[in-house]
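These protein sequences, in sequence, are chains A and B. Numbers 1 to 205, taken from UniProt numbering, label the letters of the first sequence in order. Numbers 1 to 205, taken from UniProt numbering, label the letters of the second sequence in order. Where a beta carbon is used, it is the ideal one built from N, C-alpha and C, also for glycine. Just so it is clear, the structure is predicted and the values come from calculations on it, not from any experiment. Worksheet: one structure, shown below.
Number of protein chains: 2
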Amino acid sequence: MARTGRPRSFDRDAALHTAMLVFWERGYATTSTTDLSAAMGINPPSLYAAFKNKEQLFREAIELYERTEAESSRRAMDEAPTVREAVAALLHGSVDRFTAADRPRGCMIVHAASSCTTDHESVRDFALRCRARTKSTLKARLDAAVAGGELAEDTDTDRIAAFYTTFLNGLSLQARDGAERAQLHELVDMAMSVWSPRTGPLVAA
Amino acid sequence: MARTGRPRSFDRDAALHTAMLVFWERGYATTSTTDLSAAMGINPPSLYAAFKNKEQLFREAIELYERTEAESSRRAMDEAPTVREAVAALLHGSVDRFTAADRPRGCMIVHAASSCTTDHESVRDFALRCRARTKSTLKARLDAAVAGGELAEDTDTDRIAAFYTTFLNGLSLQARDGAERAQLHELVDMAMSVWSPRTGPLVAA
DNA sequence: CCACTTCTGTACTAACCTCTACAGAAGAGG
DNA sequence: CCTCTTCTGTAGAGGTTAGTACAGAAGTGG
Chain A
1 MARTGRPRSF DRDAALHTAM LVFWERGYAT TSTTDLSAAM GINPPSLYAA
51 FKNKEQLFRE AIELYERTEA ESSRRAMDEA PTVREAVAAL LHGSVDRFTA
101 ADRPRGCMIV HAASSCTTDH ESVRDFALRC RARTKSTLKA RLDAAVAGGE
151 LAEDTDTDRI AAFYTTFLNG LSLQARDGAE RAQLHELVDM AMSVWSPRTG
201 PLVAA
Chain B
1 MARTGRPRSF DRDAALHTAM LVFWERGYAT TSTTDLSAAM GINPPSLYAA
51 FKNKEQLFRE AIELYERTEA ESSRRAMDEA PTVREAVAAL LHGSVDRFTA
101 ADRPRGCMIV HAASSCTTDH ESVRDFALRC RARTKSTLKA RLDAAVAGGE
151 LAEDTDTDRI AAFYTTFLNG LSLQARDGAE RAQLHELVDM AMSVWSPRTG
201 PLVAA
């Protein structure tokens, strides 16, 4: 049945998208609801009616980010013919996203995490789980390659996933510090040189 | 001549050290002067008289951090007999510092940076310059190795320094997320496997 | 002892924070 | 048209922020 009552005067999805950009740019704790309501063009009561409160709005913004931004990395990985190309696609794709001209630099989730303190533990934990998901997605792709015979049976996929996740986080910080896109792509090439076909990345003793 | 007037009732250096730990743990924007004055055991007027304001206190805290923490990395690099060992010492030493039980996890400067927004541009720029210094210190060590014939003449020292700096920032985030010290050391070993003696790290096309 | 200087605690300001009460506006159903 | 529901803008409550005015305390120099 149709909803009764006065209809909402703004597009909820568009407003959420704007909120995502503001949080992405400024982090969680350092973004005020005044910033948000100004950027979204919505007065506080409407904002709270539509999104409950600042924390819920942030969670929805993160979920939107994962559905759009992070999903593109995931798809690039799935479409790559080899594991090595999958990892390269993840890293190079992320560099492109981290340095896109029309969006804030770096990864929203990496940035959000560091702007949270012990005061916002639930938000912090939420962001932490999101970051852990990136690593496990990568690990799953590596495990599939082991299962498919593309990587040696004894490959330490957890360690490799941790290595590239760590590097990826570093790239996000560099991007936020203003590093050139081309330089970041070069760094990805360097990180990929850890890789040797079939045996997977070399692991020093 | 001796200073006249009522003497200060607290140890300024000890108070600054405490402030450093609080900023390190909580970041800049997300630390309130109330947090600081409580942790330091000093009432606001004394705090402001001794350190001028929050921003100046933060700058002094960063400088103290650099003099103590960052300096230990620098010394480890200088004492290493080879470049490769110097880089390894920098990374392994940083991992130990990032996961020390009696201090906040990760790098204070990396953390501080992300907790700053456009509102605190002067603080942000200050932290940015500090991070750039880490890279140039590393680059200087690599350049010295080239000059001394330890690395090939055409080694791209800037790129190598950028690579390890990026990785180091990633390690700081992992440490803050609660990664095990042993695992981080393993990741460092992986990053070092990019290295091949004399020619320096392999750089893929 | 006294003047002078500097620090200390109390108590405060002005601005900002997240969030909301309330009255009126704008639609749907009858 | 009238009622009922839900949204909207104004305006502000209650708390926290960075920073300070002021009176008194605690030293030094004479």
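Check: CB-CB under 6 Å to M108 (chain A), same chain, minus the five flanking residues each way: which ones, in chain order?; Outcome: W24, Y65
Check: Since R131 (chain A) meets chain B, which of its residues come closer than 9 Å, beta carbon to beta carbon?; Outcome: L173, D177
Check: May I ask you to report which of helix, strand or coil DSSP gives P201 (chain B)?; Outcome: strand
Check: For a quick check, are the C-beta atoms of A76 (chain A) and A88 (chain A) less than 7 Å apart?; Outcome: no
Check: With distances taken from CA atoms, which of B:D189, B:I42, B:D78 is nearest R8 (chain B)?; Outcome: B:I42
Check: Give the residues from the UniProt domain "HTH tetR-type" (9-69) of chain A that approach chain B closer than 9 Å (Cβ to any Cβ), ordered along the chain.; Outcome: E25, R26, G27, A29, T30, T31
Check: Can a CB atom of chain A be found closer than 7 Å to the CB of A162 (chain B)?; Outcome: yes
Check: Name the residue from A:D156, A:V110, A:A14 whose alpha carbon lies nearest to the alpha carbon of W195 (chain A).; Outcome: A:D156
Check: List the endpoints of the continuous alpha helix (DSSP H) containing D11 (chain B).; Outcome: Per DSSP, D11 (chain B) belongs to no alpha helix (DSSP H) and is neither H nor E.
Check: Between E186 (chain B) and chain A, is any beta-carbon pair separated by less than 7 Å?; Outcome: yes
Check: What residues in its chain sit with their C-beta under 6 Å from that of M192 (chain B), if we drop five residues either side in the sequence?; Outcome: A88
Check: Establish whether the CB of S196 (chain A) and some CB of chain B are separated by less than 7 Å.; Outcome: no
Check: Out of curiosity, what's the CA-to-CA distance linking L184 (chain B) and K52 (chain A)?; Outcome: 40 Å
Check: Applying a beta-carbon distance threshold of less than 9 Å, which residues of chain B neighbour P81 (chain A)?; Outcome: Residues of chain B passing the Cβ test: none, with the nearest at roughly 18 Å.
Check: At what residues does the alpha helix (DSSP H) containing R6 (chain A) begin and finish?; Outcome: Here R6 (chain A) belongs to no alpha helix (DSSP H), and DSSP marks it neither H nor E.
Check: Given a cut-off of 7 Å, decide if E150 (chain B) and V83 (chain B) are closer than it, judged by their beta-carbon atoms.; Outcome: yes
Check: Helix, strand or coil: which one does DSSP assign to S172 (chain B)?; Outcome: helix
Check: Should the segment 32-51 of chain B be called in touch with the segment 111-130 of chain B, which here means at least 3 C-beta pairs below 8 Å?; Outcome: no
Check: Could you give the distance in angstroms between the alpha-carbon of G176 (chain B) and the alpha-carbon of A182 (chain B)?; Outcome: Correcting the residue identity first, residue 176 (chain B) is Arg in this sequence and not Gly. Straight-line Cα distance between these residues: approximately 14 Å.
Check: At a CB-CB cut-off below 7 Å, which residues of chain A make contact with P201 (chain B)?; Outcome: M190
Check: Let me check you understand the geometry: is the CB of G41 (chain B) closer than 6 Å to at least one non-hydrogen atom of the ligand GTP?; Outcome: Of ligands this structure carries none, so the ligand GTP is not represented either.
Check: Apply the 10 Å Cβ neighbour rule to Q56 (chain B) and answer buried if 16 or more other Cβ atoms are within range, or exposed otherwise.; Outcome: exposed
Check: Beta-carbon within less than 6 Å of K54 (chain B)'s beta-carbon, same chain only, minus the 5 sequence neighbours each way: which residues are those?; Outcome: T33
Check: Can you tell which of B:R26, B:T68, B:S114, B:A19 has the C-alpha that lies nearest to the C-alpha of Y48 (chain B)?; Outcome: B:A19
Check: List the endpoints of the continuous alpha helix (DSSP H) containing G93 (chain B).; Outcome: 83-98
Check: Does any residue of chain A bring its CB to less than 7 Å from the CB of G93 (chain B)?; Outcome: no
Check: Expressed to the nearest angstrom, what Euclidean distance is found between the alpha-carbon atoms of K139 (chain B) and P44 (chain A)?; Outcome: 50 Å
Check: Do L21 (chain A) and E60 (chain A) have their CB atoms nearer than 7 Å?; Outcome: no
Check: Leaving aside the five residues before and after H111 (chain A) along the sequence, list all residues of the same chain whose C-beta is less than 6 Å from its C-beta, in chain order.; Outcome: G27
Check: Does DSSP put T31 (chain B) in a helix, a strand or coil?; Outcome: coil
Check: So if DSSP puts W24 (chain A) in a beta bridge, which residue, or which two residues, is it bridged to?; Outcome: W24 (chain A) pairs with nothing; no bridge assigned.
Check: In this structure, does DSSP put S193 (chain B) in helix, strand or coil?; Outcome: coil
Check: Under 9 Å Cβ-Cβ, which residues of chain A neighbour R159 (chain B)?; Outcome: Q183, E186, L187, M190
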